[in-house]
Structures are given as structure tokens and as C-alpha cells.
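Per the numbering used here, the sequence shown starts with residue -11, numbered consecutively. What follows is a set of notes on a single structure, which appears directly below.
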Amino acid sequence: MSYEMILVDRKEPVGLITLNRPEALNALNGKLMDEMTKALRAFEADDEIRAIVITGSEKAFAAGADIKEMQSKGYMDVFKEDFITANWEEATRCRKPIIAAVAGYALGGGCELAMMCDFILAAENAKFGQPEIKLGVIPGAGGTQRLTRFVGKSKAMEMVLTGRMMDAEEAERSGLVSRIVPTDQLVEEALATAGKIAELSMPSVMIAKECVNKAYETTLAEGVMFERRIFHSLFATEDQKEGMSAFAEKRTPEFKHK
Ligand code: CAA
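Set out below in C-alpha cells:
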């Protein structure tokens, strides 16, 4: 498959998607999001790929949805095409783990796309923000909801109401990103982290992801029960026997289901 706005690389067992619209700081237009959806679906269907990294350039992960593309749209246009969600949420549908490796600007839809991934690794130069308020709109790809869950009401409210950016240190301190890495090592580190996950038992990885995501959708008691039932079910897998036997025998596990 050929792509114009993204680069797609199979670095087995990791699939790498690089946003590649440098002239517009990787602004996310319809074509780019269609390509991203196709690339994610292809990686989901690919048995040799067991984890995915999405990244941008050193200057910008993505500076938001494409403002010039949106500028002339009217209410009926955005309503009819279900604008923003129609082709934007594929990352949230993937069962394989996805890491967002963010350097430079992750603004508006760029920040929202990063938050749809399972976790965010930030380069030292990363800058996050939801500046839509300055354009006379509000975040439209989950920003008001996901940012609030990541960083809490006070900081999310300030970010959304003022449109100010936060740097990598503030993003780490407030729980938006899992950790900060040197800018020139970001992609390498994200691929290495994804590679480590890809070596683990695939059903455990996918199920762990489902359980953590469940925490956003349900009560604590329901979530803990969901976790317990799934935890029990993993005792029916060969990989549980292998993982625990390998520990007892002081050797590296050879998981069957990768
Ligand atoms: N859409 C379209 N084009 C964009 C863009 C965007 N979101 N962000 C940057 N660009 C374009 C600029 O228009 C410029 O193109 P030209 O050279 O043709 O003029 C090019 O990228 C480089 O940008 P700048 O010259 O502005 O670069 P800078 O280094 O001076 O500033 C910046 C960088 C602070 C990120 C600035 O570009 C900026 O503020 N961008 C817009 C950020 C924004 O408002 N994002 C939210 C978009 S709305 C949204 O995302 C809705 C949603 O919730 C889904």
C-alpha cells in the first residue's frame, strides 16, 4: 500500500507510523487520517506485528487538525460527515498496544491523537496543548474528556480555557506522559519499549490493555471484578504455565502466543 502523508515501516515485531506532512507541521487532514486508519488496520491484521509506535518529526508530532481544511466548513458539513470522529478514532479500536512518541508540538488534534494511544513517551522538547479556544471552537476529538482524565479538572480546565501549552516536564508531572526521553533518542526508545512489550505473551498484553482501559469506563467495584475474572481466565493459557515455570526455573520464558 502506498501512502502520501505518513511513512509506514515494519520493524518486526513493531509497526512504526511516522506522520509526514512537514510543510504543515503534520496538521491532521482528512487524507492523513484516512491513511492512518488504513495503516493501523493493516498492522492489526498482521501477525508479525505485535506493537505499534506513532510518531511525528522532531519539530511536531502534529500541530492539530488542519485548520485550513476546516475553515470553510459549515454546521451541516461537519454534522453530515460526523467530522473528526469518523476516521479519527482507529487508534482507540486497536487491540495491539500503541505508543505515541511525541517530539515538538502536540496541539489540538495532535494532543488528542496522542491521548488515544495507550501511553505517551515525550521528548524533552515536547509541547502539549488544546488551543482550539483561540480559534473560536473547542477540542473536537476527545480533548475535553481525555485530558481531564489524564491531568484532572483544574489543569485540564486551564489548558482548554486558555489554550496555553505545557512542556514535557509539566506533562510528566501531571500524568499526561509516562516518561521523558532525550529528543534524539525518542523513536529508538519508543521502538525498544514496544519491542519489549512485543516479546511478552500477546493475550496477557491485550487483556491488560483492556483492563486498564476499563478503569475509564466503569466503577471501581465493577472494574476490579472485571479484572479478577480475566485474571482467572489467564490461568487457562499455556503462557501462564510457561511464565511461572520459567520464573521458578530461573530462565527466560518462551511464550507460545506472541
Ligand atoms: N492546520 C493547518 N496548517 C497548520 C497548522 C494546522 N493546525 N499548524 C501549522 N500549520 C501550518 C502553518 O499554516 C504554516 O504553513 P505556511 O508555511 O503555509 O504558512 C506551517 O504549518 C508552519 O507553521 P508556522 O509558520 O505557524 O510555524 P511556527 O513555528 O511559527 O508555529 C505553531 C508553530 C505554534 C504550532 C503554530 O503553527 C500554530 O499555532 N499552529 C496551530 C495550532 C492549533 O491551533 N491547533 C489546533 C487546531 S484545531 C483542532 O485540532 C481541532 C480538534 O480538536 C481536532
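Even for Gly, the Cβ is constructed at its ideal location relative to N, Cα and C.
Exclusion of GLY231 from the 7 Å shell around the ligand CAA follows from its C-beta lying no nearer than that to any non-hydrogen atom of the ligand. Only residues of its own chain outside the window of five on either side were considered, and among them ASP(-3), VAL41 have a CB closer than 6 Å to the CB of LEU4, listed in chain order.
Of all C-beta pairs linking the segment 103 to 114 to the segment 55 to 74, fewer than three are shorter than 8 Å, placing the two stretches out of contact.
Here the residues close to the ligand CAA, judged by CB distance below 6 Å to any of its heavy atoms, are ALA12, LEU13, ALA15, ALA51, GLY52, ALA53, ASP54, ILE55, LYS56, ILE72, TYR93, LEU95, GLY96, GLY97, GLU100, PRO119, GLU120, LEU123, PRO127, GLY128, ALA129, GLY131 in chain order. PHE116: not part of any alpha helix (DSSP H); member of the beta strand (DSSP E) spanning 115 to 117, first to last residue.
The beta-carbon separation of GLY44 and ALA15, rounded to 11 Å, does not stay under the 8 Å limit for a contact. DSSP, reduced to helix, strand and coil, places PHE49 within a strand of the structure shown. Within its own chain, the residues whose Cβ lies closer than 8 Å to the Cβ of CYS199, once the five positions on either side in sequence are excluded, are GLY211, PHE214, GLU215, ILE218, listed in chain order.
If you compare the alpha carbons of PHE31, GLY151, MET147, GLY117 with that of LEU95, the shortest gap goes to GLY117. One thing to note: LEU135 has its Cβ no nearer than 8 Å to the Cβ of GLU78. Between ASP227 and PRO191 a beta carbon distance of about 7 Å is seen, short of the 8 Å cut, so the two are scored as contacting. The beta carbon of ILE55 sits closer than 8 Å to those of ALA15, LEU123, all from its chain and outside the five residues before and after it, given in chain order. In this structure ALA129 is in contact with GLU100, their Cβ atoms being roughly 4 Å apart against a cut-off of 8 Å. Taken through DSSP and simplified to helix, strand or coil, VAL169 comes out as strand.
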